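In the numbering used here, the protein residues as written are 226 to 308.
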């Protein structure tokens with residue numbers, strides 16, 4: 226299992242779903258099983274489209290900040306530390 230981005234301290238996984246890798250029936254089934262497994266192991270999963278990750282970064286950072294209850298600047302610093 227290889228999530229797109231893991232933020233270990235608050236146990237958050239961010240996934241960027243593109244049509245290239247997630248558009249088939251089989252890919253969708255694998256994605257659902259993987260997300261369920263992550264949740265069962267205590268992870269919170271945020272899913273975004275590939276376009277949101279590339280073109281709407283403020284929205285992605287805002288969503289993560291809302292989930293973990295911190296300011297957006299703290300999210301930016303945490304993401305830089307994991308990059």
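Glycine included, every Cβ here is placed at the ideal spot set by N, Cα and C.
Just so you know, these numbers come straight off a predicted model, no measurement behind them.
Where residue i falls: helix, strand or coil (DSSP)
i	result
residue 281	coil
residue 294	coil
Those residues which DSSP pairs with residue i across a bridge
i	result
residue 270	238
residue 231	238
Inter-residue CB distance, residue i and residue j (contact presumed, cutoff 8 Å)
i	j	result
residue 270	residue 278	Not really, about 14 Å apart at Cβ, beyond 8 Å.
residue 274	residue 242	6 Å
CA-to-CA distance, residue j to residue i, given in whole angstroms
i	j	result
residue 226	residue 250	19 Å
residue 272	residue 239	6 Å
residue 283	residue 248	25 Å
residue 280	residue 286	12 Å
residue 258	residue 294	27 Å
residue 291	residue 255	27 Å
residue 262	residue 253	14 Å
residue 231	residue 244	21 Å
Within-8 Å CB hit, residue i to chain D
i	result
residue 286	No chain D appears in this structure, which consists of one protein chain only.
Span of the alpha helix (DSSP H) around residue i
i	result
residue 254	250-265
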